[in-house]
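Just below is one structure, and these are the notes that go with it.
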Amino acid sequence: MMLACREMTELTTDYLERQLSWWDRMRFLMHIGMCGACWEYVRGMKAVLANFHRIGTEVVPPEVPPELFDRFRNWKR
Ligand SMILES: [Zn+2]
Numbered sequence: 045m046m047l048a049c050r051e052m053t054e055l056t057t058d059y060l061e062r063q064l065s066w067w068d069r070m071r072f073l074m075h076i077g078m079c080g081a082c083w084e085y086v087r088g089m090k091a092v093l094a095n096f097h098r099i100g101t102e103v104v105p106p107e108v109p110p111e112l113f114d115r116f117r118n119w120k121r
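My numbering puts the first residue of the sequence shown at 45, with every later residue one more than the last.
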C-alpha cells in the first residue's frame with residue numbers, strides 16, 4: 045500500500061528522528077523515491093530540523109523559505 049502525501053507529512057519528523065518501524069521506513073522511502081514533491085519536502089524538513097537541533101529553539105531560522113511552512117500547513121489540513 046502506497047502512502048498518501050498527507051501521511052508522509054505526519055511521518056517525516058519520525059523518520060528524521062529515526063522513530064519509524066522498519067516497515068514504515070520502507071514505505072516512507074518508497075514514497076519519496078516516486079514522489080518529487082515529498083522528496084523536496086523531506087529534504088526541506090531535514091534542513092529545518094538540523095537548524096532546530098543546532099540552535100535549540102522553536103524559532104524558524106531566517107534562511108528557511110516560508111513557502112515550505114505554507115506547504116506543510118496546507119498538507120496538514
Ligand atoms: Zn508524495
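Even for Gly, the Cβ is constructed at its ideal location relative to N, Cα and C.
- For GLU51, the uninterrupted alpha helix (DSSP H) segment begins and ends at 49 to 60.
- In the displayed model, CYS79 falls within coil according to three-state DSSP, outside both helix and strand.
- Taking a C-beta distance under 8 Å as the contact criterion, MET52 and HIS75 qualify as a contact pair.
- For the pair LEU93 and LEU60, the CB atoms are nearer than the 8 Å cut-off.
- With fewer than 16 other CB atoms across the displayed protein chains lying within 10 angstroms of its CB, LEU73 is exposed.
- Excluding the 5 residues flanking it on each side, LEU64 has same chain C-beta neighbours closer than 8 Å at LEU55, ASP58 and PHE72, in chain order.
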